Amino acid sequence: MNAHDTAGSSGSSGPVDALARLFEGEGSAEYFGEAVTQAGHMLQAGALAEAAGAPAHLVAAALLHDIGHFHGTVTGRDLMEGGRDNRHSHTGADWLARWFGPEVTDPVRLHVAAKRYLCTVEPGYFALLSEASVHTLRVQGGPMTAEQARAFEALPGSADAVAVRRWDERAKDPDLPTPDFAHFRPLLEALLIENA
Ligand code: FE
């Protein structure tokens, strides 16, 4: 992301504006065979978190969890289509860390691991996955071993990542109300770390 690109008008070069441009631009792309766009999926995840009464940092994590799919230099799409783990959760979290603290970035980083975790610890969770998500589970390493699941539980942000993951799974419904990005701007602005 280049802070000096596009948009032009004054007041549109802050972090939240950069995120808005990603949602409006790359986010309008198809989401790996799901019935919603990538941006629609993330907006729905944020809205589900909000409706559940989640704290602001967790709403932001849900809203931004797949940002690693957007960022031009991440190239997650190419890797995914090559059938490998694209690590979009890590690249997204690293990219967001310039603007947001670990309470936002840790759940983003762990949301793929959380799917592998839930498939191990919750009988029936696998059945909730969409077809595309089953495919990505396979390339992401499949369900965790019991030992991996225990290690995951010990990580900071893992419980929040599990919460994000549950909204993630539900946020692929074309009939679900979808707020626009502007709805979340005040919440995001309030979470920005100093000197962001
Ligand atoms: Fe997602």
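Residue numbering for the sequence shown follows my numbering, beginning at 58 and increasing consecutively.
Beta carbons are placed, not taken as given, at the ideal position from N, Cα and C, and that holds for glycine.
Nothing here was measured: the structure is a model prediction, and the numbers come from that model.
Where does residue i land, buried or exposed, given buried means 16+ other C-beta within 10 angstroms?
i      : result
LEU185 : exposed
PRO164 : buried
SER85  : exposed
ARG155 : exposed
ALA171 : buried
GLU107 : buried
GLY199 : exposed
ALA111 : buried
What's the gap between the Cα of residue i and the Cα of residue j?
i      : j      : result
LEU194 : GLU83  : 23 Å
GLY237 : LEU244 : Checking the sequence, you will find Asp at residue 237 rather than Gly. Cα-Cα distance, rounded: 13 Å.
GLU179 : PRO159 : 26 Å
SER254 : VAL169 : Nothing about residue 254 can be read from this structure; the chain reaches only from 58 to 253.
ALA220 : SER187 : 17 Å
GLN95  : GLU251 : 29 Å
PHE80  : HIS122 : 12 Å
GLU204 : GLU87  : 36 Å
ARG78  : PHE127 : 10 Å
ARG223 : ALA239 : 24 Å
LEU190 : VAL196 : Note that residue 190 is Ser in the sequence shown here, rather than Leu. Those two C-alpha atoms are separated by around 10 Å.
Within the continuous alpha helix (DSSP H) that includes residue i, where are the two ends?
i      : result
GLU226 : 215 to 227
GLN197 : Premise fails: GLN197 is in no alpha helix (DSSP H) and is neither H nor E.
GLU179 : Careful: GLU179 lies outside any alpha helix (DSSP H) and carries neither H nor E.
VAL116 : 113 to 121
ALA150 : 145 to 153
HIS98  : 95 to 108
GLU246 : 242 to 248
Is residue i helix, strand or coil by DSSP?
i      : result
THR202 : coil
LEU76  : helix
THR235 : coil
GLU188 : helix
Which same chain residues end up closer than 6 Å to residue i when comparing Cβ atoms and leaving out the 5 residues on each side of it in sequence?
i      : result
VAL93  : LYS229 and PRO231
GLU226 : LEU185
TYR174 : MET201, ALA206 and PHE209
GLY139 : Below a pLDDT of 50, predicted positions are generally treated as unreliable, and GLY139, at 43, falls in that range; no measurement from the model is reported.
GLU246 : VAL73
THR235 : GLY97, LEU100 and GLN101
ASP217 : LEU115 and PRO164
Residues in its own chain within less than 7 Å of residue i by CB, not counting five upstream and five downstream?
i      : result
HIS114 : GLU160, VAL161 and LEU248
GLY103 : VAL116, ALA119, LEU120 and PHE241
Please go through the same chain and pick out, in chain order, the residues whose beta-carbon is closer than 8 Å to the beta-carbon of residue i, but skip the five residues on each side of it.
i      : result
TYR182 : LEU175 and CYS176
ILE124 : LEU76, LEU79, MET99, GLY149, TRP152, LEU153 and VAL165
GLY90  : GLU188 and ALA189
Measure from the C-beta of residue i to each C-beta in chain B and report whether the shortest distance is under 9 Å.
i      : result
THR148 : Structure shown: chain B not included; a single protein chain is present.
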